[in-house]
Amino acid sequence: MGAELITQIAATVGRFIFPQLCPICASEVTASGVCTACWPSLTLISGNACRQCGTPFPYQPLLDRCGNCLRQPPDFDAACCALVYGESSRQLVLGLKHSDRQDIAPVLAAMMLPNTLPMMMAADYLVPLPLHPRRFFSRRYNQSAELCRHLLRAAPELMPKYAPELLLRVKKTPPQGHKTRQQRISSMRGAFLVPPHLTPLVKDAHVLVIDDVLTTGASLSSAARALKRAGAKTVSVSTAARVC
Ligand SMILES: [Zn+2]
Ligand SMILES: [Zn+2]
10 MGAELITQIA ATVGRFIFPQ LCPICASEVT ASGVCTACWP SLTLISGNAC
60 RQCGTPFPYQ PLLDRCGNCL RQPPDFDAAC CALVYGESSR QLVLGLKHSD
110 RQDIAPVLAA MMLPNTLPMM MAADYLVPLP LHPRRFFSRR YNQSAELCRH
160 LLRAAPELMP KYAPELLLRV KKTPPQGHKT RQQRISSMRG AFLVPPHLTP
210 LVKDAHVLVI DDVLTTGASL SSAARALKRA GAKTVSVSTA ARVC
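Numbering follows this note's numbering, in which position 1 of the sequence shown is assigned residue number 10; successive positions increment by one, without gaps.
This is the structure we're talking about:
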C-alpha cells in the first residue's frame, strides 16, 4: 500500500472522527472555515478605511484619515482590520479567546491576510500584543500569537521576524468591556514595556503589532507608546475585527 493511499485513508478516518465544523454555527463543513450560510453574516473591511485607525468609511473620503484621527490620533501610525465587529465576528473572536477554539485562528488569519500582507512586508518585526503572564497562565495560549503563527505561514521568506519578546505586559488590567474610551486610556497607561536589553533591536525599526480586536485603540496605543519610547520608527497594527 502506497504512502499516499495511507495518508488519504488516515485523512478520511480523521474527518469521520473529528468532522470539520463551522466556527459560527457548528454545522459540518467539507473544508475548514466558515460555512456558506454564515459567510454573508460577516462584514469584511476592504481597502476603503481610515489609514491610521482602520475604521471603514461609508463613502469615498477626501482624506485617508477619519475625523477622530485628525483630532486625536492614536499612538500607532497605521491600522488595518479584517472584519466589522458584529454578532458573527464576535463569535469567532470570543471562541478563539475564551473557548479554547484555536482552530479559529487560521480562519481569522486568512481573512486578515489581504489587508495585512503589505504591512508585514514593510515591517522588521511582527509582535503579538502580549497577555499579562497571569492571564497567559490561565488561558495557556495568547490568541494574538496564534494569529501571528498563521499569518507567518503565508509566505515565510517575505515575512518580518517574529519577535514576541520585544513587548512585555507589565500591568494586569481588568476586562475593558464596559469602560469609556477615557477610562480605557488611563487604565492602559504604562501597561507595556520593551525590555531594556532589547531596545537596540527596536531602535529605528518598523514594528507590526497583531491583536484580535481593535475597540478604542487604548491597548494598542499604549503598546505603540512603549515601542516608540524604545526608539521604534513606526508602529502599525493589524487586528481580526474592528468595533465601529
Ligand atoms: Zn455556519
Ligand atoms: Zn481613523
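In this text, a Cβ means the ideal position worked out from N, Cα and C, and glycines have one as well.
Does the Cβ of LYS212 have 16 or more other Cβ atoms within 10 Å, making it buried, or fewer, making it exposed?
Counting of Cβ neighbours within 10 angstroms places LYS212 among the exposed residues, the total staying below 16.
Q | Which of helix, strand or coil DSSP assigns to ALA241 | A | In this structure, ALA241 counts as coil in the three-state DSSP scheme.
*Top-ranked residue by Cα proximity to ARG198, from GLY226, VAL216 and ALA214*: The shortest C-alpha separation from ARG198 is found at GLY226.
Q. Can you tell me where the beta strand (DSSP E) with LYS219 in it begins and where it stops?
A. The sequence given here has Ile at residue 219, not Lys. Element bounds for ILE219: 215 to 223.
Margin query: Using CA atoms only, rank isn't needed, just tell me which of SER247, CYS253, GLY104 and PHE85 is closest to ARG238.
Written below: Proximity to ARG238 across SER247, CYS253, GLY104 and PHE85 peaks at PHE85, based on C-alpha coordinates.
| message | Tell me the DSSP secondary structure of LYS170 in three-state form. | response | In the three-state reduction of the DSSP assignment, LYS170 falls in the strand class, which pools E and B.
Check: Helix, strand or coil: which one does DSSP assign to ALA250?
Finding: If DSSP states are grouped into helix, strand and coil, ALA250 belongs with the strands.
Open item on the list: Is it buried or exposed, ASP221, if we count other Cβ atoms within 10 angstroms and call 16 or more buried?
Closed with: By the 16-neighbour rule on beta-carbons within 10 angstroms, ASP221 is buried.
### Message
Restricting to runs no shorter than 4 residues, where is the alpha helix (DSSP H) found entirely within the region 11 to 94?
### Response
Those alpha helix (DSSP H) runs which fall completely within the region 11 to 94 and span 4+ residues are 12 to 26 and 76 to 80.
Next item on the list: Could you work out which residue in MET120, ARG144, SER228 and LEU92 is closest to ALA163 when comparing CA atoms only?
Entry: When C-alpha distances from ALA163 are compared across MET120, ARG144, SER228 and LEU92, the shortest belongs to MET120.
For PHE146, count the other beta carbons within 10 Å of its own beta carbon; 16 or more makes it buried, fewer makes it exposed. Which is it? By the neighbour-count rule (16 or more Cβ atoms within 10 Å), PHE146 is not buried but exposed.
* Asked: What number of angstroms, rounded off, separates the C-alpha of VAL43 from the C-alpha of CYS31?
  -> Going from the Cα of VAL43 to the Cα of CYS31 covers about 5 angstroms.
Where do the N-terminal and C-terminal ends of the alpha helix (DSSP H) with VAL211 fall, by residue? Its alpha helix (DSSP H) spans residues 208 to 211.
Where does LYS181 land, buried or exposed, given buried means 16+ other C-beta within 10 angstroms? Exposed: under 16 other Cβ atoms inside 10 Å.
Compare the C-alpha of PHE201 against each of GLU166, HIS141 and ALA249 and name the closest.
Minimum Cα distance to PHE201 is reached at HIS141.
On the premise that ALA232 lies in contact with CYS90, defined as a C-beta separation below 8 angstroms, what is that separation, rounded to the nearest angstrom?
So it is not a contact: roughly 16 angstroms between Cβ atoms.
Cβ-based neighbour list, ALA235, same chain, cut-off 6 angstroms, excluding 5 preceding and 5 following | Excluding residues within five positions, the ones whose Cβ falls inside 6 angstroms are PHE201, LEU202 and VAL203.
**Distance, LEU71 Cα to ASN151 Cα** = Straight-line Cα distance between these residues: approximately 38 angstroms.
Q | Contacting residues, own chain, Cβ-Cβ under 7 angstroms from LYS242 (five flanking each side not counted) | A | Result list for LYS242: ASP213, ALA214 and HIS215, in chain order.
Please check the pair PRO183 and PRO139, which I expect to be a contact at CB under 8 angstroms, by giving their CB distance rounded to whole angstroms. Contact doesn't hold; Cβ gap of about 17 angstroms is too wide.
Have a look at the DSSP bridge pairing and note the partners of VAL136. Partner(s): VAL218.
- Any heavy atom of ligand 1 within a distance shorter than 7 angstroms of the CB on ILE219? No, Cβ of ILE219 sits at least 7 angstroms from all heavy atoms of ligand 1.
(request) Kindly indicate which three-state DSSP category LEU176 falls into: helix, strand or coil? (result) It is coil, neither helix nor strand.
| said: Is any non-hydrogen atom of ligand 1 found closer than 7 angstroms to the C-beta of MET75, if you look at the structure I gave you? | reply: For the sequence presented, residue 75 should be read as Cys rather than Met. Not one heavy atom of ligand 1 falls within 7 angstroms of the beta-carbon of CYS75.
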